[in-house]
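Report on one structure; see the data block that follows.
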Amino acid sequence: MFIPDSVNAVEGHVCEMGLVVNLAKNVPNLIFEYIDKCMVEAFGPLGINDWNSLFFIVHPGGRAILDQIEAKLSLKKEKLEVSRHVLREYGNIVSPCVFFVMDEMRKKSFKEEKATTGEGLEWGVLLGFGPGLTVETIVLRSQ
165 MFIPDSVNAV
175 EGHVCEMGLV
185 VNLAKNVPNL
195 IFEYIDKCMV
205 EAFGPLGIND
215 WNSLFFIVHP
225 GGRAILDQIE
235 AKLSLKKEKL
245 EVSRHVLREY
255 GNIVSPCVFF
265 VMDEMRKKSF
275 KEEKATTGEG
285 LEWGVLLGFG
295 PGLTVETIVL
305 RSQ
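Taking the numbering used here, I'd label the letters of the sequence shown as residues 165 to 307.
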């Protein structure tokens, strides 16, 4: 979903140092305003509306972003634990972050002997954020 009026909220520029990404200060607030709509559009057809019944693979774009998602969706603290771990260990490494989060989720689930690679849960969501401000919402099913 492209978030309205957010054209310059996330900008990426390729330069000699590599990719430099600039985030506007209002990015966490924009995500807060629209994240529930993204979730309803993705999970409504499945009849899922209890966000705590899902596992979360969230691009850790920053602590404020994770805090806003947690607040808006009324998530239990542990739901974004893996994303917060990746943010602490690696920082915001743009797009590849979600693969780091996914791998950490898999390892954590295995270590804790969960029934699935998604914390023992069947359904989950991958949330990614991109230029302008786009929110990619991907429904995941773990086995």
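The C-beta atom is built at its ideal place from N, Cα and C for all residues, glycine as well. Being a predicted model, the structure only gives us computed values, none of them experimental.
I think K243 touches N213, with their Cβ atoms under 8 Å apart; what is that distance to the nearest whole Å?
-> Not quite, the Cβ-Cβ distance comes to about 15 Å (not below 8 Å), so this is no contact.
Residue ranges of each alpha helix (DSSP H) run of no fewer than 4 residues wholly in the stretch 193–271, ordered along the chain?
-> 227–236 and 245–254
Could you check what DSSP says for V191 in three-state terms: helix, strand or coil?
-> helix
Leaving out the 5 sequence neighbours to the left and right, which residues in its chain are closer than 6 Å to N175 when beta-carbon positions are compared?
-> Reading off the sequence, residue 175 comes out as Glu, not Asn. The answer, listed in chain order, is N186.
Name the residue from V222, T298 and F196 whose alpha carbon lies nearest to the alpha carbon of N172.
-> T298
When you compare each of F196, H177 and I221 to F263 by their alpha carbons, which one comes out closest?
-> I221
Between the CA atoms of L237 and Y210 - distance to the nearest angstrom = The sequence shown places Leu at residue 210, not Tyr. Straight-line Cα distance between these residues: approximately 17 Å.
What residues in its chain sit with their C-beta under 7 Å from that of E286, if we drop five residues either side in the sequence?
-> T280, R305 and S306
Identify which residue in E283, V258 and K272 has its Cα closest to the Cα of G182.
-> V258
Just the Cα atoms here: how many angstroms apart are E300 and A228?
-> 18 Å
Among C179, E180, V178 and V191, which one has its Cα closest to the Cα of P168?
-> V191
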